[in-house]
Amino acid sequence: MELKLEKVLEEIVPGDRAAAQICKKRWDSIAKPLHSLGWMEDAIARIAAAQHTAQVRTDRKILVPLCADNGIVEEGVTQTGQEVTAIVAENFLDEKSCAAIMCRETGADIRPVDIGMAVDTPRVEKRKIAYGTKNFAKEPAMTREEAVCAIETGLQLVSELKEEGYCLIATGEMGIGNTTTSSAVAASLLGVPAEEMTGRGAGLSVQGLGRKIQVIGEAIARWNLTREDPLTVLACVGGFDIAGMVGIYLGGAYFHIPVLIDGFISSVAALLTVRLCPYARDYMLATHVSKEPAARRILRELDLEPVIDGGLCLGEGSGAVAAFPLIEMANVIYQKMSTFDQINVEAYQPL
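Heads up: take any position in the sequence shown, counting from 1, add 4, and you land on the numbering used here.
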């Protein structure tokens with residue numbers, strides 16, 4: 005099934021509010037204090053709205069880490085080189101990466117995808133748009149056509165996951181330099197100075213952070229990105245991993261599959277998605293707030309509450325995978341716990 009971005013944007017509909025209301029009514033009937041499970045109750049209601057049914061499914065879940073390299077590393081904005089991207093991408097398949105180990109322990113599948121790594125690796129699934137983006141300090145990171153192609157690659161992945169029966173998708177990424185691209189996209193979309201959106205990533209020095217902020221600020225000014233549309237921002241300073249995640253979020257909305265936002269980079273992709281299609285927000289769940297300085301601001305902009313605030317900043321999809329057990333426990337309670345009527349106890353009343 006070939007999916008085109010323009011068609012998908014036209015056909016996405018809001019989440020099913022009636023299903024969410026049925027879900028909330030069920031929560032209120034369960035024999036416990038009202039709203040006492042907090043985010044867990046809200047998450048199941050959001051999943052009901054996204055799946056367009058109050059019969060929520062959480063049994064088949066998968067993490068899709070999109071792996072891509074970024075030409076901006078030429079500017080000295082990272083502590084490590086691009087070779088790390090390919091190493092970690094292969095490690096996903098050997099359960100040697102953090103997120104892969106977490107997937108094993110939570111019963112989730114993992115499907116790493118090469119959407120734009122600088123090299124080919126033996127086993128990682130190839131959906132490569134190009135061998136990394138260009139250095140956006142010198143030229144746009146990608147063409148507009150490449151940006152659309154990367155988004156449509158994400159859409160196609162969700163179409164395949166739908167056919168395979170998955171009902172929850174976690175976003176993930178691997179790509180040296182992608183906190184720089186994410187900070188540039190976030191600063192452009194929110195119209196705030198680069199220094200407010202930019203952190204140390206995987207461990208930059210003070211000098212490295214200064215260079216990172218300078219590179220981002222100059223690129224935003226060069227193309228006047230605070231006044232540009234989301235696709236232009238993505239093409240000028242984004243990455244193929246970010247673009248592919250936009251496609252995953254849009255695909256989740258199109259196929260009614262809830263998508264879990266991981267940390268800073270995937271939340272930037274979520275913000276880009278919502279700027280393209282506001283209804284897509286109904287199909288997203290925030291899982292954690294990253295330690296990166298822009299993370300809370302982006303989640304506030306999305307008006308989404310994370311469940312984990314633990315100083316995480318690893319990436320890969322690790323925070324999203326950490327939320328899988330909470331979601332599954334919540335769904336078991338939602339489906340199986342007795343109601344007040346069943347145990348002959350007077351129900352709590354909202355005051």
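Every residue, glycine too, gets a C-beta built ideally from N, C-alpha and C.
Excluding five sequence positions before and after Glu-129, the CB atoms of its chain that fall closer than 8 Å to its own CB belong to Arg-115, Pro-116, Val-117 and Asp-118, given in chain order. If you draw a straight line from the Cα of Asp-266 to the Cα of Thr-230, it is about 25 Å long. Judged by beta-carbon spacing, Glu-232 lies within the 9 Å limit of Ser-192, meaning their Cβ atoms are closer than that value. Looking at the DSSP output, Pro-69 bridges to Gly-176. Between Ala-103 and Glu-332, the gap from beta carbon to beta carbon reaches 9 Å or more.
A contact between stretches requires three or more CB pairs, one per stretch, nearer than 8 Å, and the stretch 295 to 309 meets this requirement with the stretch 260 to 279. Spatial neighbours of Val-92 in its own chain (CB-CB distance under 7 Å, excluding positions within 5 residues in sequence) are listed in chain order as Ser-101 and Met-178. Under the DSSP assignment, Ile-269 falls in the alpha helix (DSSP H) whose first and last residues are 268 to 280. Under the criterion of beta carbons closer than 8 Å, Pro-37 and Tyr-352 qualify as touching, at roughly 6 Å.
Distances from the CA of Ser-40 to each of Ile-347, Gly-315, Asn-348 and Ala-334 were compared; the closest alpha carbon is that of Ala-334. In the three-state scheme derived from DSSP, where H, G and I count as helix and E and B as strand, Lys-130 is classed as strand. With a 10 Å radius around the Cβ and a threshold of 16 neighbouring Cβ atoms, Met-44 comes out buried.
Straight-line measurement puts the Cα of Leu-289 at about 26 Å from the Cα of Pro-354.
Look at Val-60 here: in three-state DSSP terms it is coil, with no helix or strand label.
Shown here, Ala-145 sits in coil according to DSSP, grouped into three states, outside any helix or strand. For Gly-111, the closest alpha carbon among the candidates Asn-139, Ile-66 and Arg-127 is that of Ile-66. Shown here for Arg-148: same chain residues with a beta carbon closer than 8 Å to its own, the five before and five after excluded, namely Leu-235, Thr-236 and Ala-239 in chain order. Our two residues, Glu-156 and Tyr-258, have alpha carbons roughly 12 Å apart in a direct line. With contacts defined as CB atoms closer than 9 Å, Thr-175 and Leu-70 qualify as a contacting pair.
Beta bridge pairing from DSSP links Val-117 with Leu-70 and Glu-129.
For Val-196, the secondary structure class from DSSP, reduced to helix, strand or coil, is coil. DSSP, reduced to helix, strand and coil, places Ala-90 within a helical segment of the structure shown. Taken through DSSP and simplified to helix, strand or coil, Leu-289 comes out as strand. Gly-243 and Thr-183 do not touch by the CB rule: their CB atoms are close to 10 Å apart, not below 8 Å. Burial check for Thr-89: the Cβ neighbour count within 10 Å reaches 16 or more, so the residue is buried. Rounded to whole angstroms, the gap between the alpha carbons of Glu-99 and Tyr-170 is 21 Å. Here Thr-202 carries a coil assignment [DSSP, helix/strand/coil]. When the beta-carbon positions are compared, Glu-309 and Leu-316 stay at least 9 Å from each other. Asn-228 sits exposed, since fewer than 16 C-beta atoms from the chains shown fall within 10 Å of its C-beta.
CA-to-CA, the gap between Ala-326 and Cys-281 works out to about 27 Å.
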